[in-house]
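In the UniProt record's numbering, the protein residues as written are 1 to 294.
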C-alpha cells in the first residue's frame, strides 16, 4: 500500500477545503485571529448548534451563512457538504466549544473528505482536556484522553475495571448532574487514595480547580451544589496489579487468557473484554469460548 500524500495549501485542486476551526471553551478572547479570518472567508460554516455559533459570529461580526451539522443529522448532511466541497466551495466546521471531533461531531465528515481527496485543514486552538491537564499538577504525559464515560451502570463499571490499572494519567469529561455518580464509580474502581483534580468552568469567570483524592472529591460532590462543566484529571495507577502485567500468550486458549486475568482479580466480563481487545476479536467470540458455548 502506497502512502497517500495530501497537501493543505500546495498544488492545484478543483475542490474546496474543509477547515476544522476550534472555538472558545468559555472566554471569547481565546478565539485566534486565524480562526476569525477563516470563518469570514469560507463559503459556509457547518455548526453543531447554529444558535450557539450565531452568538460567536455576531460577536466577531462574521456574516458567513451556517448550516446545522450535529450527531442527529450527520449521515444526512455529509453527502450535501461533500458535494459543496467538490464543487469548489470552502467550508468550516465548528462545534459548540473546543475542537471538532473531540467528544463532538466531525470525524465522519473528515473521513468522507479524505476518501474524496478533499484537503482537510486543522486550525489549532482551545481544548478543555489539555487546558485542564497542564494546570492540574498531575503528571502531564503520558496521558489517555477518554472523554465521557458510559452512562449505563453496567457499562460504566466494566469500562472502569479495564482502566483501573492504567499507568497513564486519565482525562474524563463530565456534566454537573452526573459528577457524583461518576466519582462514586471511580472511587469504587480505583480506590479512595487515587489523586484527582476536578477542573470546573475552564477559562470562565468561575474557573476553579479542586485537588485531592477520589474520596475527598466524592465527598465534595455529595455535600455541595455542583455547577458547571467538569474535566476530571485522574492520576495513573503507580502500583498496577498483576492484571496489567499478564502478557498476551498466543499459545494459550482464549479461555486460559481470561482465566489468567480473572485470577488477578478482574471480574469475568472485564477479563473477557480485555482478551477480546488484545486478540482483536469480538467480545461475543471470547465470551462463547470462555463459557464453552458452541
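The beta carbon of each residue, even a glycine, is placed where N, CA and C say it ideally should be.
Residue i in three-state terms, based on DSSP
i	result
residue 144	strand
residue 9	coil
residue 16	coil
residue 213	strand
residue 78	helix
residue 247	At residue 247, the pLDDT of 48 sits below 50, so the modelled position is not reliable; the number obtained from the coordinates is stated separately. Residue 247: coil per DSSP, three-state reduction.
residue 85	helix
residue 253	coil
residue 242	Note that residue 242 scores 46 on pLDDT, short of 50, meaning its location in the model is unreliable and no value can be drawn from it.
residue 42	coil
residue 188	helix
residue 37	helix
residue 287	helix
residue 208	strand
residue 173	strand
residue 107	helix
residue 24	coil
residue 98	strand
residue 149	coil
residue 226	coil
Neighbourhood of residue i by C-beta distance below 6 Å, restricted to the same chain and skipping five residues each side
i	result
residue 50	66, 68
residue 271	258, 261, 262
residue 88	16
residue 276	283, 286
residue 62	39, 40
residue 289	254, 255
residue 244	Any reading at residue 244 must be qualified, since the residue scores a pLDDT of 47, below 50, and its modelled position is unreliable; the value itself is stated next. Closer than 6 Å at the Cβ level, and outside the excluded window around residue 244, lie 165.
residue 47	53, 66, 94
residue 8	119, 121
residue 281	none
Contacting residues, own chain, Cβ-Cβ under 7 Å from residue i (five flanking each side not counted)
i	result
residue 192	213, 214, 215
residue 52	96
residue 134	140
residue 240	165, 167
residue 71	105
residue 159	149, 150
Whole-Å CB distance - residue i paired with residue j, under 8 Å assumed
i	j	result
residue 120	residue 20	7 Å
residue 110	residue 103	Incorrect: roughly 15 Å between the Cβ atoms, too far for contact.
residue 236	residue 170	7 Å
Sequence-distant residues of its chain with Cβ nearer than 8 Å to residue i (five each side left out)
i	result
residue 151	178
residue 180	218, 221, 222, 226
residue 30	24, 125, 126, 203
residue 182	149, 156, 172, 174, 232
Closest residue to residue i among the options (Cα-Cα distance)
i	options	result
residue 279	266, 78, 253, 135	253
residue 187	209, 220, 175	220
residue 269	5, 157, 14, 45	157
residue 22	115, 122, 60, 9	122
residue 60	32, 135, 267, 199	32
residue 238	194, 200, 211	194
residue 64	37, 10, 75	37
residue 26	294, 207, 293, 224	207
Beta-carbon proximity check, residue i vs residue j, cutoff 8 Å
i	j	result
residue 196	residue 226	no
residue 73	residue 42	no
residue 124	residue 98	no
residue 143	residue 168	yes
residue 185	residue 164	no
residue 118	residue 86	yes
residue 202	residue 132	yes
residue 93	residue 18	yes
residue 162	residue 55	no
residue 176	residue 230	yes
residue 145	residue 129	yes
residue 84	residue 44	yes
residue 82	residue 112	yes
residue 232	residue 266	no
residue 78	residue 115	no
residue 299	residue 137	Because the chain in this structure spans residues 1 to 294, residue 299 falls outside the shown range and cannot be described.
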